[in-house]
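Positions 26 to 392 (this note's numbering) are the ones given, in order, by the sequence shown.
A short worksheet on the structure shown next.
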Amino acid sequence: MDVLVKSHGQMQRDRPSEVSAMDCIRIMYSPVMEKRSQRSVLEQRLPEMERLSCSYMTKKENRQLNETTKTDGNGDQISYAYDDQNRVTEITQGGQKTKVSYQVNSDESTTTSVTDANGHVKQETASASGSVTTTSDLGDGSESITIKYTYDDHGNKISEVYANGAKKTYEYNSRNLVVKTQSYDKEGTKTLISRYRYDDYGQLLEMTDYRVSSETETAYRYTEYTYDQRGRITAFAEISQNAQPTADDIKVHQIQYTYNEDGNLSQVSYPITKDGIQSLSYIYDENGWLQEIKGELHSKGQTTEKVLRSYTYDVYGKVKEIKDYRNRYAKKNGRSGKVYYPKYGGIDKIRDLSGKKNPIMLTYRRK
26 MDVLVKSHGQ
36 MQRDRPSEVS
46 AMDCIRIMYS
56 PVMEKRSQRS
66 VLEQRLPEME
76 RLSCSYMTKK
86 ENRQLNETTK
96 TDGNGDQISY
106 AYDDQNRVTE
116 ITQGGQKTKV
126 SYQVNSDEST
136 TTSVTDANGH
146 VKQETASASG
156 SVTTTSDLGD
166 GSESITIKYT
176 YDDHGNKISE
186 VYANGAKKTY
196 EYNSRNLVVK
206 TQSYDKEGTK
216 TLISRYRYDD
226 YGQLLEMTDY
236 RVSSETETAY
246 RYTEYTYDQR
256 GRITAFAEIS
266 QNAQPTADDI
276 KVHQIQYTYN
286 EDGNLSQVSY
296 PITKDGIQSL
306 SYIYDENGWL
316 QEIKGELHSK
326 GQTTEKVLRS
336 YTYDVYGKVK
346 EIKDYRNRYA
356 KKNGRSGKVY
366 YPKYGGIDKI
376 RDLSGKKNPI
386 MLTYRRK
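Structure, rendered in structure tokens:
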């Protein structure tokens, strides 16, 4: 399933993969996460992704409450250390330490270096304006893979150049929306093209991917998006075929999103059974607080609805308990955690109620 992220008025596609420490740091400090409303869009649109193994956090929240210890969805403890500028300097998970360092260069750019437990180093350099200009995977130091990025006067990325000479270019319309990307191999031969089509509101309607051989373009994948009058995505479909998809083709592959009268995501429906799940339903209380996530499950020719996750809150609206049902086909195989808040509003600890003797602690420190 593709991840849909709304950024600067356009829908972008990025396939999820294993999230690195650099990815977590980028998410924690990304400007797009600064507004809680934008973060909520991500969390509501992608609740089934389990937050990728790192948490989304606004800059304001990070300044107020620096997370020193947390437990991920698998029950593994993760701890963090910070410098005097509230930047992550060390991440420890499963006894493995990842170290992070920052260097301000003479041109006012900043290079962030992440060294994993095996001594492998990844670096990212961002300009003073925040645009990433270089990413490097230095490995163990014996070889490196570097990608360089260039931008136009409007801050739009116009090229990615790889260490072996291969590259990808970007073209934009007058509204600064990407309309075409082209990929070239190290010999300079064009290999792939993607074209993007938008509506009058700048919302991405269609992306078409082409393979290029001897200057001949052959379409092989179409990605279609549908929105409601409020600009919310209501349907998404990815179709792998050469011909322009018909309405019936799109319908067969469509994931549909439904919202309630308060604007909250209420249901995600899948065109075919995905991991036994045909649809997800989101149940809210009168305050608009998410209470349950239910899954319509298909097994052995039968369809049943089961609670996959439930939430309880205190009188101030803070999450008090989250219960995940790890075995979606069992009625009583659940896992829950009670969250306790100190007076200043941050998480003080979380207790694992799944039968372990010792509680899992989640603590914060104040700056």
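For each residue, glycine too, the CB sits at the ideal point set by N, CA and C.
Item: Could you give the DSSP three-state label for V139: helix, strand or coil?; Value: strand
Item: Over the uninterrupted beta strand (DSSP E) stretch that includes V340, give me the two end residues.; Value: Here V340 belongs to no beta strand (DSSP E), and DSSP marks it neither H nor E.
Item: According to DSSP, is K276 helix, strand or coil?; Value: helix
Item: Given 8 angstroms as the limit, is there contact between the stretch 283-294 and the stretch 264-273, that is, 3 or more CB pairs closer than that?; Value: no
Item: Helix, strand or coil for Q254, going by three-state DSSP, please let me know.; Value: coil
Item: Nearest CA to the CA of Y176: which residue from S152, I170, L163?; Value: S152
Item: State the DSSP-derived secondary structure class of G320, mapped to helix, strand or coil.; Value: strand
Item: Where does the unbroken beta strand (DSSP E) through D162 begin, and where does it stop?; Value: 157-164
Item: I302 and Y295 look like a contact to me (Cβ under 8 angstroms); what is the Cβ gap, rounded to whole Å?; Value: 7 angstroms
Item: DSSP has V113 in a bridge; who is on the other side?; Value: Y107
Item: Could you check which residue in Q279, D210, Q316 has the C-alpha nearest to that of Y336?; Value: Q316
Item: Does DSSP put S304 in a helix, a strand or coil?; Value: strand
Item: Under DSSP, the beta strand (DSSP E) around E196 begins and ends at which residues?; Value: 192-197
Item: Can you tell me whether D225 is buried or exposed, with buried defined as 16 or more other CB within 10 angstroms of its CB?; Value: exposed
Item: List the residues that DSSP assigns as beta-bridge partners of S154.; Value: In the DSSP output, where bridge partners are listed per residue, S154 has none listed.
Item: From which residue to which residue does the beta strand (DSSP E) around L202 run?; Value: Run containing L202: none; DSSP gives neither H nor E here.
Item: Tell me the DSSP secondary structure of S126 in three-state form.; Value: strand
Item: How many Å lie between I183 and T259 at the Cα?; Value: 30 angstroms
Item: Ignore the nearest five residues each way along the sequence and tell me which others in T114's own chain have a CB closer than 8 angstroms to its CB.; Value: A106, Y107, D108, K124, V125, S126
Item: For the stretch 226-234 and the stretch 207-216, state whether three or more C-beta atom pairs, one from each stretch, are separated by less than 8 angstroms.; Value: no
Item: How about T136 and Q148: do their beta carbons lie closer than 7 angstroms?; Value: yes
Item: Beta carbon of Y221, beta carbon of V203: below 7 angstroms?; Value: yes
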